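Trainee: Residue numbers (the working numbering), protein chains in the order written: chain Z, 1 to 177; chain U, 178 to 373. In this text, a Cβ means the ideal position worked out from N, Cα and C, and glycines have one as well. Just so we're clear, the structure is a prediction, and the values are computed from it rather than from any experiment.
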């Protein structure tokens, strides 16, 4: 056994307890609003709202935005997931503050540069953004919330996300291990 | 009784306030579980840290069982709980693209906001990417539309498709989850790990 002298400031919660708490949060969301959790939906709201603000004429005649308004009533920013994601930022910050983890940094494997990490973060974000629209939700909105209500589409999306990442893990291993 | 907002037991504005509070709890749990760290998340795909699998499936199973029991007790009408509709082709393709995004970017959307909240610059850049991706989809929608709307199957539940009750499916999923937890604990012992 190796022992390290590093002070242990980072102590994460037991993952199974974390999971039960996550499940209770998801249960509460369903009980209160009749829908699960989500993250990419809030981004979609901001994209719709910002496009309408900057180029209202374009948004009016473009199909994506028209369809959004057929499915959603009211202002895109007055949306359940927008409020929920604002909460996530507050909750994440509070947790980081309590655990002493607030720090500006680029987290990456010692084998790669910060620049490379940031480039891949950008590319990964772009792909995840596109994929979340096709999948009608991301890991939270489609996969996790889908399991809770036994949704076929949600579980298929989940298998796609994890399957896709495993299939490509070999090619990107230098970024992580 | 539930869902409260659907049954007009709470007002739309109360519903938004509760969304914010639920979001705070969501963010706290994600961050406390270590989901603000991309290296911890990516551990799932290399076997050195299986926290994503453990938290994700414990969470999914807990919520699923909770909803089934709430329904049994008459606390929630499952017919009023939203089941995301299935569009098979776009669910598969979208999922795979998200998988590529996950292994390259190290986050998913929810976790990236958590990481950004504690100062992770890689998470902030990932969020910039997310916005670019959704803008690409919105502006290039005609290009994606055929795939997006292909093979609609409605609000399909797996239990209905397999012709078994929700309870039996839940039991199967619990057994599968326990098997995966056992495998995850075994895998973690075989790979060196450090806390980030």
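On the DSSP bridge assignment, give the partners of residue 264(U) in chain order.
Mentor: The count along the second chain starts at 1 and reaches residue 264(U) at position 87. For residue 264(U), which the question treats as bridged, DSSP gives the partners 329(U).
Trainee: Please confirm if residue 338(U) has its CB atom under 8 Å from at least one CB of chain Z.
Mentor: The residue given as residue 338(U) occupies position 161 in the second chain. Yes, contact with chain Z.
Trainee: Kindly list, in the order they appear in chain Z, the residues whose Cβ is closer than 8 Å to that of residue 188(U).
Mentor: In the second chain, the residue the question calls residue 188(U) occupies position 11. Simply none; closest approach about 12 Å.
Trainee: At 7 Å on the CB atoms, spell out the chain Z contacts of residue 366(U), in chain order.
Mentor: Taking the second chain and counting its residues from 1, one reaches residue 366(U) at position 189. Within 7 Å Cβ-Cβ: nothing; residue 366(U) doesn't reach chain Z, min ~13 Å.
Trainee: Run through chain Z and tell me which residues come within less than 7 Å of residue 281(U), C-beta to C-beta.
Mentor: Against the second chain, residue 281(U) aligns to sequence position 104. What residue 281(U) touches in chain Z: 120, 123, 124, 127, 172.
Trainee: When the Cα atoms are used, what is the spatial distance from residue 130(Z) to residue 195(U)?
Mentor: Locating residue 130(Z) in the first chain gives position 130, where the first residue counts as 1. Locating residue 195(U) in the second chain gives position 18, where the first residue counts as 1. Cα-Cα distance, rounded: 29 Å.
Trainee: Could you give the DSSP three-state label for residue 105(Z): helix, strand or coil?
Mentor: On the first chain, position 105 is the one that residue 105(Z) refers to. Looking at residue 105(Z) - three-state DSSP - the assignment turns out to be strand.
Trainee: Can the beta-carbon of residue 128(Z) be found less than 8 Å from the beta-carbon of residue 282(U)?
Mentor: The residue you call residue 128(Z) lines up with position 128 of the first chain. The residue you call residue 282(U) lines up with position 105 of the second chain. Against a cut-off of 8 Å, the Cβ pair of residue 282(U) and residue 128(Z) comes out as a contact.
Trainee: With contact counted as at least three CB pairs below 8 Å, one residue from each stretch, are the segment 309-325 of chain U and the segment 265-276 of chain U in contact?
Mentor: yes
Trainee: Answer with yes or no whether the minimum CB distance from residue 208(U) to chain Z is below 8 Å.
Mentor: To locate residue 208(U), count along the second chain from 1; it is residue 31. Closer than 8 Å to some Cβ of chain Z, the Cβ of residue 208(U) qualifies, so yes.
Trainee: With a threshold of 8 Å between beta-carbons, can residue 205(U) be considered close to chain Z, or not?
Mentor: Here residue 205(U) refers to the residue found at position 28 when the second chain is read from its first residue. So yes, residue 205(U) belongs to the interface.
Trainee: So what's residue 100(Z) in DSSP terms, helix, strand or just coil?
Mentor: Position 100 of the first chain holds residue 100(Z). Residue 100(Z) falls in the coil class under three-state DSSP.
Trainee: Identify, in the order they occur along the chain, each residue of the same chain with its Cβ nearer than 7 Å to the Cβ of residue 217(U), setting aside the five sequence neighbours on each side.
Mentor: One-based indexing of the second chain puts residue 217(U) at position 40. Counting only Cβ-Cβ distances below 7 Å, and skipping sequence neighbours, we find 211, 226, 228, 373.
Trainee: Residue 290(U) to residue 356(U), Cα distance in whole Å?
Mentor: Counting from one through the second chain, the residue named residue 290(U) turns up at place 113. Counting from one through the second chain, the residue named residue 356(U) turns up at place 179. Straight-line measurement puts the Cα of residue 356(U) at about 31 Å from the Cα of residue 290(U).
Trainee: By how many angstroms is the C-alpha of residue 49(Z) removed from the C-alpha of residue 72(Z)?
Mentor: Numbered from 1 along the first chain, position 72 holds the residue referred to as residue 72(Z). Numbered from 1 along the first chain, position 49 holds the residue referred to as residue 49(Z). Going by the C-alpha atoms only, they are around 12 Å apart.
Trainee: Is it the case that the Cβ atoms of residue 254(U) and residue 117(Z) are separated by a distance below 8 Å?
Mentor: Within the second chain, the letter at position 77 stands for residue 254(U). Within the first chain, the letter at position 117 stands for residue 117(Z). Taking 8 Å as the Cβ cut-off, residue 254(U) and residue 117(Z) do not qualify as a contacting pair.
Trainee: Which residue wins for smallest C-alpha separation from residue 106(Z), given the options 296(U), 277(U), 274(U)?
Mentor: Along the first chain, read from residue 1 onward, the residue named residue 106(Z) stands at position 106. Checking every option, the nearest Cα to that of residue 106(Z) belongs to 296(U).
Trainee: In terms of alpha-carbon separation, which member of 231(U), 319(U), 197(U), 199(U) lies closest to residue 13(Z)?
Mentor: For the purposes of this step, residue 13(Z) is taken as the residue at position 13 of the first chain. When each option's Cα is compared against that of residue 13(Z), the closest is 231(U).
Trainee: For residue 224(U), which residues of its own chain have a beta-carbon under 6 Å away from its beta-carbon, when the five flanking residues on both sides are left out?
Mentor: Here residue 224(U) refers to the residue found at position 47 of the second chain. So the qualifying residues of the chain are 364, 368.
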